[in-house]
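These notes concern the structure reproduced below.
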Amino acid sequence: MDKNHIQVFDTTLRDGEQSPGASLGINDKLTIAHQLARLNVDAIEAGFPVSSKVQFDAVKLISEEVHGPAIVGLARCVEADIDAAGQALKSAERPRIHTFVATSKIHMEKKFRKKEDDILNMAVAGVKRAKQYVDDVEFSPEDSARTGKDFLFRIIEAAIDAGASVINIPDTVGYATPDQFGALIKDIFNNVPNMDKAILSVHCHNDLGLAVANTLSAVYQGAQQVEVTINGVGERAGNASLEEIVMALKTRNDFYNKTTQINTHEIMRTSRLVSSLMGMPIQPNKAIVGANAFAHESGIHQDAVIKDASTYEIMTPMDIGLESNKIVLGRHSGRHGLKQRLAELGYELPTEELNQVYERFLEVADKKKEVFDEDIIALVADEHISAEEIYQLDYFHILSGNRAIPTATVGLKKNGETIQEAAVGDGPVDAVYKAIDKIVNLPTRLTEYSLRGVTGGKDAMGEVVVRLVKDDKKYVGQGASTDVIEASIRAYLKAINRLISIEDHENSQP
Ligand SMILES: [Zn+2]
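The opening position of the sequence shown corresponds to residue 76 in this note's numbering, with each subsequent residue numbered one higher.
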């Protein structure tokens, strides 16, 4: 392999899914995995198969359907975990088992109450068992950044001797700093005699806002694989962000002299897809993919950028797949115009879905005359992401006003039948949600509701994101419409439908 090639290992579907408030259904995961393949990542960590039926089946389905990248399943150094990962990955073109055990003093003593040699034996046994299923085995000493160095070198050497092809160094708690983490990577290369027989990977968390800096510092010292997520999603403050690392290596190739195989033109699309499926908006000032990342506000800057973009732009919006010349669609654009624009934005929809999006597009075009790319993307997200549509909105009617008691009547379709309920509430959204609750009758709690305008202007479409909790699990839903009450209902129903289909799947027989 090219010694300047940096492998991009995406863990959006595994570590990213551990973000507070993101439960993805199987179809959502498959959609993201297909997009990651278009982005051309080297590896997709698809889940933790032993942890639940949904996780197992998602890894299995992605192994069957997604071609190109290596598909990775996570497993502790425990037989049942490794066996589950091996089973789930059976159909993958390039399967990889990623097995891990905690090696820091604090984790060994507090979590396991085990001694160093016992941990080392677990690691060796885990790698050997994984080798019975796949050739490609990755081993992580969890919490490496806080592990005693002598023991770390010893366990890495033993894992490579046992057959590990990738050694991943995680900064599990986001404690490292760039100079220190880089020095650790250098020490590993200098002290592990067989390190040249495996790839050295890093996995950094962002608790101190240093995940990207630590990762780049490791790359500078010779690390050959980076573990990252789209938009930097992940547990707590998240993981190192794929788009930032990829664009840093591309833009500063003069310094790093490293390349990735990422198709950067797919970055924006992937970012939006993950954001809308997980219901996690991107901060406007986020590097690379934030709404303002390429917006020049100062007059002096604007003037210079018009004369020559390189004055204030180190990358171009086109590099990441942002079209600079926005095309506006209207009613007259027709089905063909919509289909073509969708293709340019990267969405190839099956005919049935295209028809649904087209119907919604006509409604929106009637109400707001000019339909922007953002509007179309919100509509596709709304239609496309609907899991199984167990409950569908048939009609709603609200009565509201500053002296009226907000009252709502809602009709939902289920299996072709319409069920109607009415309720009063603190406001119109509360009233429609109470009416829906009466129909659906599930013990859920609404923990989050947010509304944003998709584009500027009074006639802008509104996009609503909600989170529901049932049995300590969170389910997200999103909906878009020029009517905010309708967008609110769509989002709520989507979360409910997702909840029901995930629960059904959990309870179904294998
Ligand atoms: Zn992690």
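Idealized CB from N, CA, C, for every residue including glycine.
Query: Spatial distance of residue 152 from residue 557 (CA atoms); Result: 51 Å
Query: Neighbour flag for residue 132 against chain C, beta carbons, 8 Å; Result: Protein chain content of the structure displayed is limited to a single chain, and chain C is not contained in it.
Query: Beta-carbon gap between residue 59 and residue 319 smaller than 8 Å; Result: With the chain covering only 76 through 585, there is no way to say anything about residue 59.
Query: Beta-carbon proximity list for residue 440, same chain, < 6 Å, skipping 5 on both sides; Result: 405, 406, 446
Query: Bounding residues of the alpha helix (DSSP H) (the contiguous stretch that carries residue 350); Result: 342-353
Query: Cα-Cα separation, residue 20 to residue 582; Result: The structure shown does not extend to residue 20, since the chain is modelled only from 76 through 585, so no value can be given for it.
Query: Touch test, the segment 549-565 against the segment 502-516, Cβ-Cβ under 8 Å, three pairs minimum; Result: yes
Query: Contacting residues, own chain, Cβ-Cβ under 6 Å from residue 400 (five flanking each side not counted); Result: Because the pLDDT of residue 400 is 47, which lies under 50, any placement of that residue in the model is unreliable, and the number read from its coordinates should be weighed accordingly. Around residue 400: no qualifying Cβ.
Query: Element boundaries [alpha helix (DSSP H), containing residue 528]; Result: Premise fails: residue 528 lies in the beta strand (DSSP E), 520-528, not in any alpha helix (DSSP H).
Query: Alpha-carbon to alpha-carbon, residue 555 and residue 431; Result: 14 Å
Query: Residue 565 in three-state terms, based on DSSP; Result: helix
Query: Minimum C-alpha distance to residue 244 - residue among 216, 271, 328, 172; Result: 216
Query: Pairwise C-alpha distance: residue 465 and residue 486; Result: 14 Å
Query: Residue 254 CB to nearest heavy atom of ligand 1 below 7 Å; Result: no
Query: Residue 222 CB to nearest heavy atom of ligand 1 below 7 Å; Result: no
Query: Own chain partners of residue 442 with C-beta closer than 7 Å, once the 5 adjacent residues on each side are dropped; Result: 534, 557
Query: Where residue 406 sits in the DSSP three-state scheme; Result: helix
Query: 8 Å Cβ cutoff met for residue 85 and residue 137; Result: no
Query: C-beta atoms of residue 157 and residue 201 nearer than 8 Å; Result: yes
Query: Near ligand 1: residue 309 beta-carbon under 7 Å from a heavy atom; Result: yes
Query: Minimum length 4: unbroken alpha helix (DSSP H) runs contained in the segment 156-237; Result: 191-206, 224-236
Query: Distance cut-off 7 Å: residue 247 Cβ against heavy atoms of ligand 1; Result: yes
Query: Continuous alpha helix (DSSP H) stretch holding residue 128: start and end; Result: 128-140
Query: Cβ-based neighbour list, residue 580, same chain, cut-off 6 Å, excluding 5 preceding and 5 following; Result: 129
Query: Which residues DSSP lists as bridging residue 243, in chain order; Result: 276
Query: Cα-Cα separation, residue 388 to residue 369; Result: 8 Å
Query: Three-way DSSP call (helix, strand, coil) for residue 302 in this model; Result: strand
Query: Cutoff 7 Å; reference residue 257; Cβ partners in own chain excluding five residues on either side; Result: 292, 293, 295, 296
Query: Cross-strand partners of residue 553 (DSSP beta bridge); Result: 540
Query: Near ligand 1: residue 218 beta-carbon under 7 Å from a heavy atom; Result: no
Query: Reduced DSSP secondary structure (H/G/I, E/B, other) of residue 475; Result: coil
Query: Pair within 8 Å by beta-carbon distance, residue 135 and residue 163; Result: yes
Query: Local Cβ density within 10 Å of residue 324, reported as buried at 16 or more and exposed below that; Result: buried
Query: Distance between beta carbons of residue 551 and residue 270, contact taken as under 8 Å; Result: Going by Cβ atoms, the distance from residue 270 to residue 551 rounds to 42 Å, so no, they are not a contact pair.
Query: Cβ separation of residue 221 and residue 250, assumed to be a contact under 8 Å, to the nearest whole Å; Result: 6 Å
Query: Buried or exposed (CB count within 10 angstroms, at least 16 for buried), residue 316; Result: buried
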